[in-house]
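*Asks:* Chains as they are written, first to last, in this note's numbering: chain A, 82 to 376; chain B, 47 to 452. Each residue gets a CB set at the ideal place from its N, CA and C atoms; glycine is no exception.
1. Taking the alpha helix (DSSP H) that residue 115/A belongs to, which residues open and close that run?
2. Following the continuous beta strand (DSSP E) through residue 120/B, name the residue where it begins and the one where it ends.
3. Quick check: the Cα distance between residue 107/A and residue 232/A, rounded to an integer number of angstroms?
4. Less than 7 Å between the beta carbons of residue 371/A and residue 322/A, yes or no?
5. Go ahead and pull the three-state DSSP assignment for residue 3/B.
6. Taking a contact to mean a Cβ-Cβ separation below 7 Å, would you say residue 217/B touches residue 240/B in this structure?
7. Report buried or exposed for residue 158/B, applying the criterion of at least 16 other Cβ atoms within 10 angstroms of its Cβ.
8. Specify the secondary structure class of residue 209/A as computed by DSSP and reduced to three states.
9. The ligand FMN and residue 278/A: does any heavy atom of the ligand fall closer than 6 Å to the residue's C-beta?
10. With a threshold of 6 Å on Cβ separation, who are the neighbours of residue 278/B within its own chain once the five nearest residues in sequence on each side are excluded?
11. How many whole angstroms separate the CB atoms of residue 330/B and residue 421/B, which I take to be in contact at a CB cut-off of 8 Å?
12. Keeping to the same chain, check which residues put their C-beta closer than 7 Å to that of residue 340/B; ignore five residues upstream and five downstream.
13. Which residue wins for smallest C-alpha separation from residue 438/B, given the options 333/B, 203/B, 168/B and 194/B?
14. Is the Cβ of residue 94/A closer than 7 Å to any Cβ of chain B?
15. Write down the C-beta distance between residue 296/A and residue 234/A rounded to the nearest angstrom, noting that I regard them as a contact closer than 8 Å.
16. Taking 7 Å as the CB-CB cut-off, is residue 366/B touching chain A?
17. How about the segment 129 to 138 of chain A and the segment 110 to 118 of chain A: do they share at least three Cβ pairs that are nearer than 8 Å?
18. Return the Cβ separation of residue 77/B and residue 380/B in integer angstroms, given the expectation that the two are a contact with Cβ distance under 8 Å.
19. Report the three-state DSSP secondary structure of residue 78/B (helix, strand or coil).
20. For residue 259/B, return the contacting residues in chain A, with the cut-off set at a CB-CB distance below 7 Å.
21. Sort 142/B, 119/B and 117/B by Cα distance to residue 128/B and report the nearest one.
22. Please report the Cβ distance between residue 358/B and residue 333/B, rounded to the nearest whole angstrom; I am assuming they are in contact, meaning their Cβ atoms lie under 8 Å.
23. Could you check the C-alpha separation between residue 188/A and residue 174/A for me, to the nearest Å?
24. The alpha helix (DSSP H) spanning residue 228/A covers which residue range?
25. Considering only the alpha carbon of each residue, which of 183/B, 227/B and 248/B lies closest to residue 212/B?
26. Name the DSSP bridge partner or partners of residue 403/B?
27. Are the Cβ atoms of residue 319/A and residue 117/A separated by less than 7 Å?
28. Below 7 Å between beta carbons: does that hold for residue 104/B and residue 122/B?
29. Within 10 angstroms of the Cβ of residue 69/B, are there 16 or more other Cβ atoms? Answer buried if so, exposed if not.
30. Taking the DSSP output, what are the residues bridged to residue 329/B?
31. Please report how far the alpha carbon of residue 101/A lies from the alpha carbon of residue 346/B, in whole angstroms.
32. What does a CB cutoff of less than 8 Å around residue 75/B pick up in its chain, not counting 5 residues either side in sequence?
33. On the three-pair Cβ rule with 8 Å, is the segment 91 to 110 of chain B touching the segment 187 to 206 of chain B?
34. So which of 200/B, 269/B, 282/B and 81/B has the shortest CA-CA distance to residue 313/B?
35. Whole-angstrom Cβ separation of residue 361/A and residue 317/A, contact assumed at under 8 Å?
36. Which partner residues does residue 525/B have in the DSSP bridge list?
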């Protein structure tokens, strides 16, 4: 088996590209999971999600690099602040327009994006920041290399996705969330408190976003505009995987990440976004409901 | 409204008359000079230090008694606008300088896009444009008599770099660069030409865009081609990610680059170990280990004045001011921009120059208004860029080539 890999450079290259794509794919999945939950339960296109996750990344950078806290503690604090922020966004921004026309929530979402971007700029400045980690070892398996940091990002993404799935599928709160997503009125009749569910959804969604922000900040860099680019990718994943579908977000995110890597490696990096979106359009032509969406 | 305007106009006329009718021996006057440069945004790493350098040179000249033009002493007053390295903003900034502020001498210009936009119309203006760090070749092939540039074009350096890599015996070089930026592409073109002349070849040209931070797909492809060496051409931050990710992918070949980044800039992305051994093949800009007395003094004064170390390319702007000073003094006028532009062309290298210029026919600027510095090979050794050797460069031959492009 190992001789096959070593004698076949192309195969190694393909596997390497897939590994390259998995790390960024993991980030897309986390962003898309947050978006899909909010959209599934509340029908809101939460555009500010990318900026909020960058806020989490900035905060982690600030706590770990500027204040010198240990990275784990910095992430923990950023997660808690993120959860509070998510709850505040639901209570102060989206709840007042919950029963209004859809366009109102849409405008609120756009306004919120600009606001959070502005807050990031005001608090953390316009400079690009990189969260420093000490994970700079490299593992090599049969010609394929996996940097330590990327491995941890992939593992963390898997753990978070697993925890999310267990929470939504196995717990009572998770069942309530699914019930509200399926039929809000029936859920009210069943005695589910529809005022607390959105708060929980926003708390989880923002927490996942903060994790994605930390990953982007340590793998690459956080700078103004990065969050907006990420949220566009997140929505693309959402549509590719199927609106409101959690497994769809997972599959869609990985497909997008790996497609980008393969496109950049085998065709041209200049067209990687074009190719990724072309793949998405083709999938939607064949399956309008998305890869795992219900028709 | 109308009365106010009338009063204002009258006031201006009276002031002007008063000013011109004063006796004129060794009188102290003020000469406004303009700066258009990127003071905010991504290119501010190049633009802001240039603006500071202009200010510092102007302050030094003023402290020494100003610019002596004929009977008069002119104190320099710097008016700077932020062009964000954006062509539209730069056009607006320069129009404002010329039309509103009445400025005739405009300096700065760190970046090619914005500089090219201004160069496209400056030929019709009663003004002199002194370009600093912008490296796009075409800026000095427009045949403009009122434009000069202190930084050599990118391909002048690329040719020297290609020869250096070929002389080291590397035959198969993979290129990864911001190739949609034309001056980087021209660096690679010239690099390839002299590498070929030395018996080597560029086996692939991979590109990345300004916002890319994940270069592993391109690097994986390059790894599969088994190159002898890697050439990285682009802005500091993406280049730093490439150096880091090349190590992470186990690409164990010499890494050459054209980035002109400082140690701090690279270390914010990559670790010291990941940078060890990387080469930067670029103009011999300000680096303390390679610099002259002027360079050491510049570094010290700048650091004291602005509380931060000067960027390697900032002296291009500092040298502009001294070139302008000598040209004004030689022309004996501040009003006749044609005479000043002509004097600039004939100027020997000023004693105050910080960059190490190579004269063409004894002059700082050639017939195209282009100056040339020496090129150098710098290597990252234990956390620092170390000057290793000069790259053989032939400014006279390049100057003739540049003239042939008009």
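*Replies:* By the coordinates alone:
1. As a working note, residue 115/A is residue 34 in the first chain. Taken as a continuous stretch (DSSP letters only), the alpha helix (DSSP H) holding residue 115/A covers 90 to 123.
2. The sequence position of residue 120/B within the second chain is 74, counting from 1. First-last of the beta strand (DSSP E) with residue 120/B: 118 to 128.
3. Walking along the first chain from the start, residue 107/A turns up at place 26. Walking along the first chain from the start, residue 232/A turns up at place 151. So the alpha carbons of these two residues sit roughly 11 Å apart.
4. Here residue 371/A is taken as the residue at index 290 of the first chain, counted from 1. Here residue 322/A is taken as the residue at index 241 of the first chain, counted from 1. Contact: yes.
5. The structure shown does not extend to residue 3/B, since chain B is modelled only from 47 through 452, so no value can be given for it.
6. In the second chain, counting from the first residue as 1, residue 217/B sits at position 171. In the second chain, counting from the first residue as 1, residue 240/B sits at position 194. No, Cβ-Cβ distance for residue 217/B and residue 240/B is not below 7 Å.
7. Your numbering for residue 158/B matches position 112 in the second chain. That one is buried.
8. Along the first chain, one-based indexing puts residue 209/A at 128. Looking at residue 209/A - three-state DSSP - the assignment turns out to be coil, as it is neither helix nor strand.
9. As far as ligands go, the structure on display features none, and thus does not contain the ligand FMN.
10. The residue labelled residue 278/B in the question sits at position 232 within the second chain. Same-chain partners within the cutoff: 222, 285, 288 and 303.
11. Here residue 330/B refers to the residue found at position 284 of the second chain. Here residue 421/B refers to the residue found at position 375 of the second chain. Indeed they touch by this definition, with Cβ atoms about 6 Å apart.
12. Here residue 340/B is taken as the residue at index 294 of the second chain, counted from 1. Result list for residue 340/B: 398, 399 and 400, in chain order.
13. For this step, residue 438/B is matched to residue 392 along the second chain. If we check each option's Cα against that of residue 438/B, 203/B comes out closest.
14. Within the first chain, residue 94/A is the residue found at index 13, counting from 1. So yes, residue 94/A belongs to the interface.
15. Stepping through the first chain from its first residue, residue 296/A is reached at position 215. Stepping through the first chain from its first residue, residue 234/A is reached at position 153. Confirmed, about 5 Å.
16. Here residue 366/B corresponds to residue number 320 of the second chain, with the count starting at 1. By this cut-off, residue 366/B is not an interface position.
17. yes
18. Indexing the second chain from 1 puts residue 77/B at position 31. Indexing the second chain from 1 puts residue 380/B at position 334. With 8 Å as the limit, residue 77/B and residue 380/B qualify as a contact, their Cβ atoms being about 5 Å apart.
19. Residue mapping note: residue 78/B aligns to position 32 of the second chain, counting from 1. Here residue 78/B sits in strand by DSSP.
20. On the second chain, position 213 is the one that residue 259/B refers to. Result: 301 and 302.
21. Counting from 1 along the second chain, the entry for residue 128/B is found at position 82. Checking every option, the nearest Cα to that of residue 128/B belongs to 142/B.
22. As a working note, residue 358/B is residue 312 in the second chain. As a working note, residue 333/B is residue 287 in the second chain. That pair is a contact at about 6 Å.
23. The sequence position of residue 188/A within the first chain is 107, counting from 1. The sequence position of residue 174/A within the first chain is 93, counting from 1. Approximately 10 Å between the Cα atoms of the pair.
24. Along the first chain, one-based indexing puts residue 228/A at 147. Taken as a continuous stretch (DSSP letters only), residue 228/A belongs to no alpha helix (DSSP H), being part of the beta strand (DSSP E) at 225 to 228.
25. Sequence index remark: in the second chain, residue 212/B carries index 166 (1-based). Comparing Cα positions, the closest option is 248/B.
26. The sequence position of residue 403/B within the second chain is 357, counting from 1. 419/B.
27. Residue numbering aside, residue 319/A sits at position 238 when the first chain is read from its first letter. Residue numbering aside, residue 117/A sits at position 36 when the first chain is read from its first letter. Yes, the Cβ-Cβ distance between residue 319/A and residue 117/A is below 7 Å.
28. As a first step, residue 104/B must be located in the second chain, where it is residue number 58. As a first step, residue 122/B must be located in the second chain, where it is residue number 76. Against a cut-off of 7 Å, the Cβ pair of residue 122/B and residue 104/B comes out as a contact.
29. Here the question's residue 69/B lines up with position 23 in the second chain. At residue 69/B, the pLDDT of 45 sits below 50, so the modelled position is not reliable; the number obtained from the coordinates is stated separately. Residue 69/B comes out exposed.
30. Within the second chain, the letter at position 283 stands for residue 329/B. Answer by DSSP bridge pairing, in chain order: 421/B.
31. Mapped onto the first chain, residue 101/A falls at position 20. Mapped onto the second chain, residue 346/B falls at position 300. Looking at the two C-alpha atoms, the distance is approximately 45 Å.
32. Locating residue 75/B in the second chain gives position 29, counting from the first residue. Closer than 8 Å at the Cβ level, and outside the excluded window around residue 75/B, lie 118, 119, 120 and 121.
33. no
34. Locating residue 313/B in the second chain gives position 267, where the first residue counts as 1. With distances taken between Cα atoms, residue 313/B lies closest to 282/B.
35. Looking up residue 361/A in the first chain gives position 280. Looking up residue 317/A in the first chain gives position 236. Contact flag correct, Cβ pair sits at about 6 Å.
36. For chain B, the structure presents residues 47 to 452; residue 525/B sits outside this window and is missing.
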